[in-house]
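Beneath this line is the structure, given in structure tokens, with notes to follow.
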Amino acid sequence: MKWKNKGHEIDAYAEKVCALFETQKQIILFGAGRIGTQFYRTLLTYGIFAGFADNDMDKQNNGFEGQPVYSPDVLKDMGAMIVVSVGKEYCDGIKHQLESMGMTEGINFIMAEEFEKKWFPVLSLYYFGKLYTNLAQICVTERCTLRCKKCAHACHLVDIHSKDISIEHARHSADSFFGAFDFIREFVLIGGEPFLYKDLGMLIEYIGEKYRNKMELFSITTNGTIVPADDLLAICKKYEVTIRITDYTKSIPRLEKNYKRLYETLELCGINSVVWETDHEKSWFDYGFDANLVKSAADTQRTFDDCKTPCREVSGGKYYYCVMAHTVANNMKLEIGEMDYFDLDSDFEKQELLEFEIGYSKKGYLDMCSRCRGKEAENYRIPAAEQVGS
Ligand code: SF4
Ligand code: SF4
Numbered sequence: 002m003k004w005k006n007k008g009h010e011i012d013a014y015a016e017k018v019c020a021l022f023e024t025q026k027q028i029i030l031f032g033a034g035r036i037g038t039q040f041y042r043t044l045l046t047y048g049i050f051a052g053f054a055d056n057d058m059d060k061q062n063n064g065f066e067g068q069p070v071y072s073p074d075v076l077k078d079m080g081a082m083i084v085v086s087v088g089k090e091y092c093d094g095i096k097h098q099l100e101s102m103g104m105t106e107g108i109n110f111i112m113a114e115e116f117e118k119k120w121f122p123v124l125s126l127y128y129f130g131k132l133y134t135n136l137a138q139i140c141v142t143e144r145c146t147l148r149c150k151k152c153a154h155a156c157h158l159v160d161i162h163s164k165d166i167s168i169e170h171a172r173h174s175a176d177s178f179f180g181a182f183d184f185i186r187e188f189v190l191i192g193g194e195p196f197l198y199k200d201l202g203m204l205i206e207y208i209g210e211k212y213r214n215k216m217e218l219f220s221i222t223t224n225g226t227i228v229p230a231d232d233l234l235a236i237c238k239k240y241e242v243t244i245r246i247t248d249y250t251k252s253i254p255r256l257e258k259n260y261k262r263l264y265e266t267l268e269l270c271g272i273n274s275v276v277w278e279t280d281h282e283k284s285w286f287d288y289g290f291d292a293n294l295v296k297s298a299a300d301t302q303r304t305f306d307d308c309k310t311p312c313r314e315v316s317g318g319k320y321y322y323c324v325m326a327h328t329v330a331n332n333m334k335l336e337i338g339e340m341d342y343f344d345l346d347s348d349f350e351k352q353e354l355l356e357f358e359i360g361y362s363k364k365g366y367l368d369m370c371s372r373c374r375g376k377e378a379e380n381y382r383i384p385a386a387e388q389v390g391s
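Below is the structure:
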């Protein structure tokens, strides 16, 4: 979306959200499961979490994550805003259930996607005065121990001996980000393979000391090929860093031994680890960055508007809307998209940054969207983690 009234694009929406919330004051997550788990700790931090709701009677009787789980029958009387936090396949069913109980979308309940991408960030700034985002990353290195064809960051094109960002640049990124944002659901250190970054421990300590209270989750995403040294693990433990491991054993069976060693080590150290072993990891989306797509400006705009990627990147004082767009352009040496960022080190109003976060910008899209399939990429599947040369 193009900025037409920068700093005031969402005033009318924000007014409605705040007026409604003033009468509700609390949020219930309908769906005591994976999606609800993503949100509830942030809502607890804001002091506005009333509990979960679920049709599952076992969950109603036993609670979930130590929180109450209400029967849908009592929701109308509770008067809280309900966020439908279930998988796509169940959304319509829950929506009809709530409507059949006399509730209306946008007034009594809202779907998780709108809540996450717009409603809650708007509430956070306009009602609580806090600039919030869901996910942002620092790419500490573009080097990687694997060379996956179609790596979404194009890291397979990067020389293993090339230079990483300096610790000063990484600290600058964190300072600029947390100077602007008041709270983030997940702040990620990513690569390439982040455990190749020699100053990772120093960076975690720096961010952990200064900003740990401004994030719910502090995480590292790794391909699991490196078992970090004990001193680095101690730092991860101290600052409650979650290690997210993408499990590629289905494509690269030889990695099984590495993963076993890594899981065992993390468990011994008492570090929280999460393994991603989803359908998404068995097959990847081909975004088509190397397919020489030809698109009109209108199609490029449409690709951006439909995409709604959640993955921001901060690099120095530059806040990039799409981590893939930035890293792929760099690693493929495309020399486009160099202006596709929000300058965190400039003077700006928080409303302007929130609008950028929601998808507003001067052009209304990123240069790289002209080379990308965006949401359509889910229809172009490729085997996950297929290695160059295999
Ligand atoms: S997909 Fe991940 S593991 Fe594969 S080359 Fe890219 S960064 Fe490395
Ligand atoms: S369409 Fe644009 S914003 Fe979305 S993933 Fe592609 S390059 Fe990034």
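In terms of my numbering, the sequence shown opens at residue 2 and continues consecutively.
Virtual Cβ for every residue (Gly too), placed ideally from N, Cα, C.
All values reported here derive from a predicted model rather than from experimental measurement.
For H157, the shortest separation between its Cβ and any heavy atom of ligand 1 lies below 7 Å. Bounds of any alpha helix (DSSP H) do not take in V87, whose DSSP letter is neither H nor E. The straight-line gap separating the alpha-carbon atoms of L345 and C19 is approximately 26 Å. Relative to ligand 1, the beta carbon of L147 is positioned inside 7 Å of a heavy atom. By the neighbour-count criterion, in which 16 or more other beta carbons inside 10 Å mark a residue as buried, R144 falls on the buried side. Using a Cβ-Cβ distance cut-off of 8 Å, the segment 363 to 377 and the segment 21 to 33 are not in contact, since fewer than three pairs of beta carbons, one from each stretch, lie closer than that value.
Burial of P195 is indicated by the presence of at least 16 other C-beta atoms within 10 angstroms of its C-beta.
In the structure shown, V389 adopts coil according to DSSP, grouped into three states. Straight-line spacing of the CA atoms in S347 and S297 works out to 32 Å.
With contacts defined as CB atoms closer than 8 Å, F182 and Y128 fail to qualify as a contacting pair. A straight line joining the alpha-carbon of A385 with that of S163 spans about 25 Å. Under the DSSP definition of a beta bridge, V70 partners with F53. Beta-bridge analysis with DSSP links K309 to no other residue. Taking 8 Å as the cut-off, the beta carbon of I139 is found closer than this to the beta carbon of A171. DSSP lists R245 as the beta-bridge partner residues of T222.
Remark: C-beta atoms of T250 and W277 do not approach each other more closely than 8 Å.
Boundaries of the beta strand (DSSP E) harbouring F286: S284 to F286, taken from the DSSP string. Between ligand 2 and Y288, a heavy atom-to-CB distance of less than 7 Å is present. Check the Cα spacing between G103 and each of Y260, R262, D78 and D341: the tightest is with D78. When the beta-carbon positions are compared, V329 and C312 stay at least 8 Å from each other. At a cut-off of 7 Å, the beta-carbon of G193 counts as near ligand 1: some heavy atom of the ligand is closer than that. With a threshold of 7 Å, the Cβ atom of N331 does not count as near ligand 1, since no heavy atom of the ligand is closer than that. Around the beta carbon of T105, a 10 Å sphere encloses fewer than 16 other beta carbons of the protein chains shown; the residue is thus reported as exposed.
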